[in-house]
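This report refers to the structure that appears directly beneath it.
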Amino acid sequence: MKNEKFNPPEQSVAGLFAVSASPHIRENRSVRKIMWNVVIALMPALIAAVYFFGIRALTLTLYSVIAAVLTEAVIQKLRKKEITVLDGSAVITGILVAFNLHSGAPWWIPVVGSVFAISIGKHVFGGIGNNPLNPALLGRVFLVASWPTLTTAGWKTNTLGSISGIISNLDIPAVTKLVSTATPLAVLRELRYPAVLAGLDKSTLQSFAGEIVSLGSIQNLFLGNIGGCIGEVSAIALLIGAFWLAIKNVIEWRIPVSYVVTVFILTYIFGGTDGIFSASIMLPIFHIFSGGLILGAFFMATDMVTSPLTKAGRIYFGIGCGLLTTVIRLVGGYPEGVSYSILLMNLVVPLIDKFTIPKAFGGGKR
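For the sequence shown, position 334 (counting from the first letter as 1) is numbered 338 according to the working numbering, and the numbering increases by one without interruption.
So this is what it looks like as structure tokens:
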């Protein structure tokens with residue numbers, strides 16, 4: 005039989021199939037979509053901050069965001085890299101730096117914090133996706149270490165006139181001064197290691213402890229009628245944003261749930277002043293809604309770059325954050341521990357990944 009010349013089809017194989025390197029299963033998500041969803045999720049907390057602290061909260065946040073975006077653009081220009089400030093990552097860093105400051109901070113504090121977060125916390129390591137530590141938290145810790153008085157003192161009352169949010173009926177000058185000038189966690193720490201309240205008898209201290217964790221005080225914490233950092237005061241606003249991230253599949257439950265549950269269990273066991281299991285069941289709720297726990301658990305510990313890759317690893321990561329936060333709050337010299345706990349756990353993420361990533365099918369022991 006005579007060989008016939010092979011005539012290939014008009015449409016080549018390359019036209020029928022997309023040939024590319026793995027992975028071959030892709031999602032319709034991009035860095036830009038993810039980042040701007042996070043920005044949207046942070047808006048309820050920003051609105052709450054403006055409501056409780058006035059336009060000053062918005063001004064400081066804008067200063068912080070502008071500084072972060074400009075720093076990113078300048079560094080990328082100097083490195084002759086594509087300028088990607090529109091992807092939203094620098095905007096998130098700027099918002100989170102401001103969210104970790106109180107509304108009475110000088111305008112230049114969030115600017116310096118954002119410049120440090122973007123330059124040292126992010127681009128020193130090569131830019132987005134390469135940083136081992138959360139840049140916003142690194143910026144916050146840098147500010148606290150450099151200007152502790154400006155960043156951890158001078159708390160402002162909100163529009164409703166409250167700083168601690170604690171409703172007290174005790175007509176005692178020391179108690180009145182404390183609940184009107186200290187943040188919730190600072191008041192709680194004073195109960196454990198009294199200095200201002202040193203002259204009060206045990207029954208009075210117990211009465212005050214009951215007021216701290218009363219339903220009205222917890223309600224103020226949940227709604228945001230307290231003093232504190234700009235973005236951490238309203239738990240409900242943060243949870244609305246977290247719900248948005250969950251339905252958009254930007255975050256998943258393992259890190260925040262394991263974090264919050266660990267703090268709840270440990271503060272219930274060890275948080276009382278009369279030994280283990282002496283705390284009211286309301287005390288863990290107070291710990292969860294006060295300070296930066298909700299902000300940290302849902303918006304910073306879940307950072308894709310600085311958190312573990314595996315499902316089991318994320319649970320261990322959340323437990324570690326909860327353990328460190330509780331230790332710092334109950335034993336350490338600082339009433340808050342969220343920032344430091346997340347940064348310390350960021351450092352052990354490679355180790356967590358090493359021991360939780362499953363071995364390849366058919367492979368031997370590692």
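Ideal Cβ positions, reconstructed from N, Cα and C, are used throughout, including at glycine.
Just so it is clear, the structure is predicted and the values come from calculations on it, not from any experiment.
Notebook entry, point to check: Can you give the Cα-Cα distance for residue 374 and residue 72, rounded to whole angstroms?
Noted result: Here the chain has residues from 5 to 370 only, and residue 374 is not among them.
Check: If you draw a straight line from the C-alpha of residue 250 to the C-alpha of residue 88, how long is it?
Finding: 25 Å
Check: Are residue 328 and residue 341 touching if we call contact CB-CB under 8 Å?
Finding: yes
Notebook entry, point to check: What does DSSP give as the partner residues of residue 325 in its beta bridges?
Noted result: Beta-bridge pairing links residue 325 to no other residue.
Margin query: Suppose you measure from the CA of residue 10 to the CA of residue 79; what does that come to, to the nearest Å?
Written below: Since pLDDT at residue 10 reaches only 49, below the 50 mark, its modelled position is unreliable, and the value read off the structure follows with that caveat. About 56 Å.
Note to self: At the level of alpha carbons, what is the spacing between residue 353 and residue 360?
What the structure shows: 10 Å
Note to self: Is there a C-beta anywhere in chain B that falls below 8 Å from the one on residue 110?
What the structure shows: Among the chains of the structure shown, chain B does not appear; only one protein chain is present.
Note to self: Using a Cβ-Cβ cutoff of less than 8 Å, which residues in the same chain neighbour residue 214 once the five nearest sequence positions on both sides are dropped?
What the structure shows: 284
Next item on the list: Work out the CA separation of residue 76 and residue 205 for me, nearest whole Å.
Entry: 56 Å
Next item on the list: Could you please give the first and the last residue of the uninterrupted alpha helix (DSSP H) stretch that includes residue 376?
Entry: No information on residue 376 is available, as it lies outside the stretch 5 to 370 that the chain covers here.
Note to self: I'd like the ranges of any alpha helix (DSSP H) spanning at least 4 consecutive residues and lying wholly in the stretch 59-128.
What the structure shows: 59-82, 93-103, 112-123
Margin query: Are the CB atoms of residue 91 and residue 47 within a distance shorter than 8 Å?
Written below: no
Notebook entry, point to check: My guess is that residue 302 and residue 219 are in contact by the Cβ rule of under 8 Å, so how many angstroms apart are they, rounded?
Noted result: Not confirmed; about 24 Å, so no contact.
Item checked: Which listed residue (120, 109, 289) has its alpha carbon closest to that of residue 154 -> 109
Check: Using a Cβ-Cβ cut-off of 6 Å (strictly less than) and excluding sequence neighbours within five positions of residue 52, which residues of its own chain qualify?
Finding: 228, 238, 241
Checklist line | Nearest-angstrom Cα separation, counted from residue 278 out to residue 253 | finding: 43 Å
Note to self: Taking the alpha carbon of residue 273 as the reference point, which residue from 287, 263, 262, 245 has its own alpha carbon closest?
What the structure shows: 287
Notebook entry, point to check: Is the beta carbon of residue 64 less than 8 Å from the beta carbon of residue 100?
Noted result: no
Notebook entry, point to check: Are residue 121 and residue 149 touching if we call contact CB-CB under 8 Å?
Noted result: no
Item checked: Proximity below 8 Å, CB of residue 211 to CB of residue 174 -> yes
Check: If we count Cβ pairs, one from each stretch, closer than 8 Å, do we get three or more for the stretch 119-133 versus the stretch 176-185?
Finding: no
Next item on the list: For residue 320, count neighbouring Cβ atoms within 10 angstroms of its own Cβ and tell me buried if that reaches 16, exposed if not.
Entry: buried
Notebook entry, point to check: In chain order, what residues of the same chain lie with their CB nearer than 7 Å to the CB of residue 113, ignoring the 5 residues before and after it?
Noted result: 105, 147, 151, 154, 155
Check: Given that a residue counts as buried once 16 or more other Cβ atoms are within 10 Å of its Cβ, and exposed if not, what is residue 362?
Finding: exposed
Next item on the list: Could you check if residue 280 is buried or exposed, using at least 16 other CB atoms within 10 Å of its CB as the buried criterion?
Entry: exposed
Item checked: Continuous alpha helix (DSSP H) stretch holding residue 206: start and end -> 206-216
Note to self: When you compare the CB positions of residue 169 and residue 221, do they come within less than 8 Å of one another, or not?
What the structure shows: yes
Next item on the list: Identify the continuous alpha helix (DSSP H) that holds residue 220 and give its terminal residues.
Entry: 219-227
Next item on the list: Identify which residue in 326, 306, 309 has its Cα closest to the Cα of residue 268.
Entry: 326
Notebook entry, point to check: What runs of the alpha helix (DSSP H), each 4 residues or longer, lie entirely inside the stretch 335-364?
Noted result: 342-351, 353-360
Next item on the list: Give the single residue among 69, 44, 298, 160 whose Cα lies nearest to the Cα of residue 118.
Entry: 69
Note to self: Let me confirm a value: residue 231 is counted as buried when at least 16 other C-beta atoms fall within 10 Å, else exposed. Which label applies?
What the structure shows: buried
Checklist line | Residue burial classification, residue 59 (beta-carbon count within 10 angstroms, cutoff 16) | finding: exposed
Next item on the list: Can you tell me the Cβ-Cβ gap for residue 162 and residue 57, rounded? I've got them flagged as a contact below 8 Å.
Entry: 6 Å
Notebook entry, point to check: Taking Cβ positions, are residue 244 and residue 102 nearer each other than 8 Å?
Noted result: no
Check: Among 187, 143, 172, which one has its Cα closest to the Cα of residue 158?
Finding: 187
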